[in-house]
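**Q** Residue numbers (the working numbering), protein chains in the order written: chain A, 1 to 115; chain B, 1001 to 1112. Idealized CB from N, CA, C, for every residue including glycine.
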């Protein structure tokens, strides 16, 4: 595997389910990110982890819970979601967090549908 | 003040033509302006980026034009090809953070 991988690629869940999204980066990077991509909206940054420590939480509802057990893996735990949470969830990683000229490498995303 | 406004929402260009996508920002503290390209089923990938100390950057058929006084920047795709059909996002960030503020995206379709 190369780059940033995400599993599953597609997920359908009911509002009472609990599920987790997984991201793995094979680039040796120090920072990982979760974004939400909805149609006709800008990509929304949800969480940032730098060296396994959460450094940003952009007012995301508590039904989304991130976990970063090591610098290569990032999870997003989901519970009691709402239909409006249906979106493409993108994971990204970068080498040097905290500076602006820092390319972020994105995974292919998980398409989430909440029924 | 944190927004980046992008237009048009969609763009149809004939093969060989020039595609132009525009973005505007308010926050003068932004100092890095990347463009990302996203194909269906894939995540966004960095295409080209510019810093405000230059007015233009060219990489192959892709050029960013930057107007600091107008707080605008644009992506020009010369000799557009069907393989360029994708969604393009402009973004901006500032020096002490890697937090990217994205535009809403432009869906480009290039027809043969």
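#1: Sorted by chain position, which residues of the same chain lie with C-beta nearer than 8 angstroms to residue 9(A)'s C-beta, five sequence neighbours on each side aside?
#2: With 8 angstroms as the threshold, decide whether the Cβ of residue 22(A) is near any Cβ in chain B.
#3: Does any CB atom of chain A fall closer than 8 angstroms to the CB of residue 1071(B)?
#4: Less than 7 angstroms between C-beta atoms, sequence neighbours within five positions excluded: which residues of the same chain meet that for residue 1029(B)?
#5: Just to confirm, are residue 98(A) and residue 1098(B) a CB contact at a threshold of 8 angstroms?
#6: Taking any Cβ of chain B, which residues in the stretch 40 to 61 of chain A have a Cβ under 8 angstroms from it, in chain order?
#7: Rounded to whole angstroms, what's the CA-CA distance from residue 11(A) to residue 1082(B)? Just pull it up for me.
#8: Expressed to the nearest angstrom, what Euclidean distance is found between the alpha-carbon atoms of residue 17(A) and residue 80(A)?
#9: Note down, in chain order, each residue of its chain lying with its Cβ closer than 8 angstroms to the Cβ of residue 54(A), except the 5 sequence neighbours on either side.
#10: Look up residue 1082(B) in the DSSP assignment and say whether it is helix, strand or coil.
#11: Evaluate residue 101(A) with the Cβ neighbour count: other Cβ atoms within 10 Å of its Cβ, from every protein chain shown; 16 or more gives buried, anything less gives exposed.
#12: Can you tell me the Cα-Cα spacing of residue 89(A) and residue 4(A), whole angstroms?
#13: Could you have a look at residue 96(A) and say whether DSSP puts it in helix, strand or coil?
#14: Are residue 1073(B) and residue 1012(B) closer than 8 angstroms when you measure CB to CB?
#15: Any chance you could list the beta strand (DSSP E) runs of at least 3 consecutive residues sitting entirely within the stretch 1029 to 1084 of chain B, in chain order?
#16: Is the CB-CB distance between residue 32(A) and residue 114(A) below 8 angstroms?
#17: On the DSSP bridge list, what partners appear for residue 111(A)?
#18: Going by DSSP, what residues sit across from residue 5(A) in a beta bridge?
#19: Could you tell me whether the Cβ of residue 1067(B) comes closer than 8 angstroms to any Cβ of chain A?
**A** Answer, in terms of the structure:
#1: Here residue 9(A) corresponds to residue number 9 of the first chain, with the count starting at 1. Cβ contact annotation for residue 9(A) (same chain, cutoff 8 angstroms, sequence separation greater than five): 108, 109, 110 and 111, in chain order.
#2: Counting from 1 along the first chain, the entry for residue 22(A) is found at position 22. So no, residue 22(A) is outside the interface.
#3: Locating residue 1071(B) in the second chain gives position 71, counting from the first residue. So, not an interface residue.
#4: Residue 1029(B) sits at position 29 when you count from the first residue of the second chain. Hits under 7 angstroms: 1094.
#5: Numbered from its first residue, the first chain carries residue 98(A) at position 98. Numbered from its first residue, the second chain carries residue 1098(B) at position 98. It is a contact, given that the beta carbons lie within the stated cut-off.
#6: Under the 8 angstroms Cβ criterion, the stretch 40 to 61 of chain A contributes 40, 41, 42, 43, 45, 48 and 56.
#7: Your numbering for residue 11(A) matches position 11 in the first chain. Your numbering for residue 1082(B) matches position 82 in the second chain. Spanning the two alpha carbons is a distance of roughly 31 angstroms.
#8: In the first chain, the residue the question calls residue 17(A) occupies position 17. In the first chain, the residue the question calls residue 80(A) occupies position 80. Cα to Cα, residue 17(A) sits roughly 6 angstroms from residue 80(A).
#9: Position 54 of the first chain, counted from the start, is the residue given in the question as residue 54(A). Counting only Cβ-Cβ distances below 8 angstroms, and skipping sequence neighbours, we find 47, 48, 66 and 68.
#10: Locating residue 1082(B) in the second chain gives position 82, counting from the first residue. Residue 1082(B) falls in the helix class under three-state DSSP.
#11: For the purposes of this step, residue 101(A) is taken as the residue at position 101 of the first chain. Counting Cβ neighbours within 10 Å, residue 101(A) comes out exposed, since fewer than 16 surround it.
#12: To locate residue 89(A), count along the first chain from 1; it is residue 89. To locate residue 4(A), count along the first chain from 1; it is residue 4. Here the alpha carbons of residue 4(A) and residue 89(A) stand approximately 13 angstroms from one another.
#13: Counted from its first residue, the first chain places residue 96(A) at position 96. If DSSP states are grouped into helix, strand and coil, residue 96(A) belongs with coil.
#14: For the purposes of this step, residue 1073(B) is taken as residue 73 along the second chain, with counting starting at 1. For the purposes of this step, residue 1012(B) is taken as residue 12 along the second chain, with counting starting at 1. In terms of Cβ geometry, residue 1073(B) and residue 1012(B) do not form a close pair [threshold 8 angstroms].
#15: Residue ranges of uninterrupted beta strand (DSSP E) with 3 or more members, entirely inside the stretch 1029 to 1084 of chain B and ordered along the chain, are 1030 to 1038, 1045 to 1050, 1056 to 1059, 1062 to 1067 and 1072 to 1077.
#16: Mapped onto the first chain, residue 32(A) falls at position 32. Mapped onto the first chain, residue 114(A) falls at position 114. The Cβ atoms of residue 32(A) and residue 114(A) do not sit closer than 8 angstroms to each other.
#17: The residue you call residue 111(A) lines up with position 111 of the first chain. Partner residues in the beta bridge of residue 111(A), as assigned by DSSP, are 10(A) and 88(A).
#18: One-based indexing of the first chain puts residue 5(A) at position 5. Its beta-bridge partners are 24(A).
#19: For the purposes of this step, residue 1067(B) is taken as the residue at position 67 of the second chain. It does not: the Cβ of residue 1067(B) has no partner Cβ on chain A nearer than 8 angstroms.
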